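Numbering (the numbering used here), first residue to last: 130 to 221.
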């Protein structure tokens, strides 16, 4: 399943995109070359230690509980080209 997801990202996300990985962790499942070919990769997640280990994030991360009352993403509207949420949607 992870291989299929990574291949999907390769085919669906154009180079030089600004990506936000919502509910991220220590891995984002993007192709290994994405940090070099994307404009930026940012993330939100709940575990600062896991986010700190994610070496695909080129534009940092924000610790954020999306289930908290009045939770909002800390990014301007229309500032990302692509938003992903791969392995945590079931917790939303």
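Glycine included, C-beta positions come from ideal geometry on N, C-alpha and C.
Here the structure is a predicted model, which means the values were calculated and not measured.
Option nearest residue 213 by Cα separation, candidates 150, 169, 166, 165:
150
Kindly indicate which three-state DSSP category residue 204 falls into: helix, strand or coil?
coil
Residues of its chain near residue 185, where Cβ-Cβ distance is below 7 Å and the 5 sequence neighbours each way are ignored
157, 159, 163, 164, 170
Starting from the Cα of residue 197, find the closest Cα among 216, 174, 140, 131 and give me that residue.
174
Residue 191 lies in the beta strand (DSSP E); which residues open and close that run?
190-192
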